[in-house]
Amino acid sequence: MSQDVELDRVTMRFGEVTAVRDVSLTIRAGEFFSFLGPSGCGKTTILRLISGFMEPSGGAVRIGGRDMRGIGPNRRPTALIFQNLALFPLMTVAENIGFGLEVRGIGAAERRRRVDALLDLVALPEAGRKKVSELSGGQRQRIAIARALAVEPSVLLLDEPLSALDLKLRQHMRAELRAIQRRTGVTFIYITHDQGEALTMSDRIGVMSGGVLEQVGDARSLYDAPETAFVASFVGENNRFPGTVAQLDGGMAALDTPFGRLVGRNPRGVRQGERAILFVRPERLAPAGNPPAGAPPAGNVVESRVTHQDFEGAFVNTFLEGTGSGPIVVQTPHTGAPPPVPADGPARLRFEAADAIVLPAGGLADERG
Amino acid sequence: MGEVVRRYGPWLSALIVGLVGFWIVVLVVLPQLMMVDFSFRPMLPPAELGGPQDVYTLRNYETLWANTIHRSIFFQTIWASALVTACTLAVCYPIAYFMAQVADRKTLPLLVLLLIIPFWINELLRTFAWYVVLAFNGPLNWLLLSLGLIDAPERWLGTPGAVILGMVYVYILFMVFPIYNAMESLDRNQVEAARDLGASWTRIHRRVVIPHAKPGIAVGCIMTFMLAAGSYAVPSILGGPNSRWFTEIIYNWFFEGGNWNQGAAYAFILLILCVGFILLMMRLFKVGLTDVAK
Chain A
1 MSQDVELDRV TMRFGEVTAV RDVSLTIRAG EFFSFLGPSG CGKTTILRLI
51 SGFMEPSGGA VRIGGRDMRG IGPNRRPTAL IFQNLALFPL MTVAENIGFG
101 LEVRGIGAAE RRRRVDALLD LVALPEAGRK KVSELSGGQR QRIAIARALA
151 VEPSVLLLDE PLSALDLKLR QHMRAELRAI QRRTGVTFIY ITHDQGEALT
201 MSDRIGVMSG GVLEQVGDAR SLYDAPETAF VASFVGENNR FPGTVAQLDG
251 GMAALDTPFG RLVGRNPRGV RQGERAILFV RPERLAPAGN PPAGAPPAGN
301 VVESRVTHQD FEGAFVNTFL EGTGSGPIVV QTPHTGAPPP VPADGPARLR
351 FEAADAIVLP AGGLADERG
Chain B
370 MGEVVRRYGP WLSALIVGLV GFWIVVLVVL PQLMMVDFSF RPMLPPAELG
420 GPQDVYTLRN YETLWANTIH RSIFFQTIWA SALVTACTLA VCYPIAYFMA
470 QVADRKTLPL LVLLLIIPFW INELLRTFAW YVVLAFNGPL NWLLLSLGLI
520 DAPERWLGTP GAVILGMVYV YILFMVFPIY NAMESLDRNQ VEAARDLGAS
570 WTRIHRRVVI PHAKPGIAVG CIMTFMLAAG SYAVPSILGG PNSRWFTEII
620 YNWFFEGGNW NQGAAYAFIL LILCVGFILL MMRLFKVGLT DVAK
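Here the protein sequences come in this chain order: A and B.
Heads up: the first sequence begins at 1 in the numbering used here, then just goes up one per residue.
Heads up: the second sequence begins at 370 in the numbering used here, then just goes up one per residue.
Shown next, in the form of structure tokens:
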């Protein structure tokens, strides 16, 4: 019995500070939705607004079509998994999971039956009698999920619950969370600053920055078709070439940058003379080779000097001197052969105009800063 | 011990150990033993001390059971001390909870200061302040009269209520700080988690906050109970003939009756019964000694 969550022009102010600004969004029933953003972007505030620990300064939160204003966290159809899990250390695992049922006045026998079913769901059938302190990090994680699911919420809210785990366990728990979500069909709303988590688990992702919902979409559309400069640089790695729009041609825009004129797609319709940034993914850059003598200058060629090279295993990252906004990165697959970009000295790189995207400047943290 | 010698050298170590030993043996253990010895001997004129009359006896202890007035005052004291402890707990638990879980970092120092400032004044003076407040023509009666809550001034002084009120006030800090200490380490997320799972405030306190704060509550209650049962100033200032405290009787034996032997026996009965009462309560509320030591 999952329900959709509707945020209708939700705004949250703390004194002078606006933590969430005019966010409108519908999270569909049964969806795995992630809010992704750097710390302080307002994603935790959104979670607390949905769970009822805060009331919005403006706008409305609706769950299953019902306005939640004035309804406390203990009476909302949501359950929250805290960043530090907040399991009750003085209760056994079974008492932890059964707490929400105990609160609802469910008898001991029925409670035991449901707790056992939940322990099976999270694959810890023998853990009921244990103390919380006897469990490992990953096990605690699962108990926290079981405790939240025990109250049969329509919406499960997760506040970066994997951040305390080590890398291997984190990757395992991602798959586990996804599987539990599929099995139960509960709407999951997941908060994270880790794009790997957001991209791999979610049906859809909302990227937030400075209290504003920048873009909502599935992982692929965020990566391939970012709508703002912030999303382009926050989701995945991206090379930035800031400049001024010099020429428009159909769906393409040419930018005058410190590396010469570069051309990319223009989905947002930047205008002539406007400040804009051209983004190219590191894996879309390729060595250009030397131009044949006397040939006219080719399009979308960047010349710079290699500073260093990082071997990452499956691929090699080569760093070149860039503009003020960080180095240029080229990613080439590691095939066993020497990398196509030399480890030092001058290098020429090229990219297809269709692989580059021109977006209006502004909205980047390091520009505001 | 080796650690102490290594750190401070043999002379300084000997001095430290010697002073601590002197303090424990001469100032604590020996006087207590002397009182134990006193309590088992009859009171005799100096001439007969060491004579055939000077033998060990339980007579001093028997006096309490024979004297119905003393006995009823004794049980009244235990009962009233328990009542003082319960009232102090009722007053201090919300204060401690507010300080530990609700107040933000900016208001907390101010709160602590407000709690501590009155305690810079001597206990006797604070009790005399209550004497003034509770007086027949005092501010409390004036306030209640002008609010229309009573028609004629009440006589508060000398009632058990006045004694209990005065004691609750005097012992607040001994209750607030142990509870605050225990509650402070409670993760605020746990309260929120319980609330998110649907728990009412009473259930959150019963299942999450109180179990966590139990060692602090136990320490606060033990201290308050012991201090209340052994209190002298408050009952003698605010009390009257109807609210006599057992300590006043002990005092009378020592300094008015001049019968130290009898006084010592009474003092030990009070001590032993208080300890027994505390152990019983700890058993009842399932608090272990290790919890208290935490």
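All C-beta atoms in this analysis are idealised placements derived from N, C-alpha and C, irrespective of residue type, glycine included.
The Cβ-Cβ distance between A:Ser24 and A:Thr187 does not fall below 8 Å.
Taking 8 Å as the threshold, the shortest C-beta distance from B:Asp473 to chain A does not fall below it. Assignment of B:Phe391 by DSSP, reduced to helix, strand and coil, places it in the helix class. Within the DSSP secondary-structure output, A:Pro287 pairs in a beta bridge with A:Leu349.
Taking a C-beta cut-off of 8 Å against chain A, the contacting residues of the segment 565–578 of chain B are Asp565, Leu566, Gly567, Ala568, Ser569, Arg572, Arg576 and Val577, listed in chain order.
For the pair of segments examined, the segment 273–280 of chain A was found not to touch the segment 308–317 of chain A: the number of CB pairs separated by less than 8 Å stays below three. Residue-level contact check: B:Gln559 touches chain A, since one or more beta carbons of chain A fall below 8 Å from its beta carbon. At a cut-off of 8 Å between beta carbons, B:Pro584 makes no contact with chain A.
Around the beta carbon of B:Thr659, fewer than 16 other beta carbons lie within 10 angstroms, which makes this residue exposed. In the three-state reduction of the DSSP assignment, B:Val560 falls in the helix class. Boundaries of the beta strand (DSSP E) harbouring A:Met252: Met252 to Thr257, taken from the DSSP string.
Secondary-structure assignment with DSSP links A:Leu156 through a beta bridge to A:Ala79 and A:Phe188. For A:Gln215, the uninterrupted beta strand (DSSP E) run begins and ends at Val212 to Gly217, by DSSP.
Among the residues facing chain A, B:Ala551 is not included, as its CB has no counterpart in that chain under 8 Å away. Taking C-beta separations shorter than 7 Å and ignoring five residues to either side along the sequence, the partners of B:Phe623 in its chain run Trp629 and Gly632, following chain order.
Along the segment 373–440 of chain B, the alpha helix (DSSP H) occurs as fully enclosed runs of 4 or more residues at 399–408 and 428–435, listed in sequence order. For the segment 65–132 of chain A, the continuous beta strand (DSSP E) assignments of 3+ residues that do not extend past its boundaries occur at 78–81, in sequence order. The alpha-carbon of B:Val394 is positioned some 15 Å away from that of B:Val405.
Annotation for A:Val61: Val5, Glu6, Leu7, Asp8, Val10, Leu49, Ile50, Asp67, Met68 and Arg69 place their beta carbon closer than 8 Å to its own, counting only its chain and skipping 5 residues before and after.
According to the DSSP secondary-structure assignment, A:Met12 is paired through a beta bridge with A:Val20.
Under the Cβ distance rule, B:His581 counts among the residues neighbouring chain A, one pair being separated by less than 8 Å. In the structure shown, B:Phe654 adopts coil according to DSSP, grouped into three states. Under a criterion of Cβ atoms nearer than 7 Å, the residues of chain B adjacent to A:Pro73 are, in order, Arg564 and Asp565.
In this structure, B:Asp423 keeps its C-beta atom at 8 Å or more from the C-beta atom of B:Leu433. When C-beta distances to chain A are compared with 9 Å, every residue of the segment 408–423 of chain B stays at or above that value.
A:His334 and A:Arg265 have their alpha carbons spaced roughly 29 Å apart.
The continuous beta strand (DSSP E) containing A:Val302 extends over residues Val301 to Phe311. For B:Asp406, no CB of chain A lies under 8 Å from its own CB, so it is not counted at the interface with that chain.
Rounded to the nearest whole angstrom, the C-alpha separation of A:Gly59 and B:Leu518 is 48 Å. Contact between B:Leu452 and B:Cys590 does not hold, since the beta-carbon distance rounds to 12 Å and is not under 8 Å.
Straight-line spacing of the CA atoms in A:Val358 and A:Phe230 works out to 12 Å.
In the DSSP assignment, B:Val502 falls within the alpha helix (DSSP H) that extends over Glu492 to Leu503.
Under the Cβ distance rule, B:Asp520 does not count among the residues neighbouring chain A, no pair being separated by less than 8 Å.
When Cβ-Cβ separations below 8 Å define contact, A:Leu162 makes no contact with chain B.
Residue-level contact by beta carbon holds for A:Phe99 and chain B, with a gap shorter than 8 Å.
Those residues of the segment 80–95 of chain A placed with their C-beta closer than 7 Å to a C-beta in chain B are Leu80, Phe82, Asn84, Ala86, Phe88 and Leu90, ordered along the chain.
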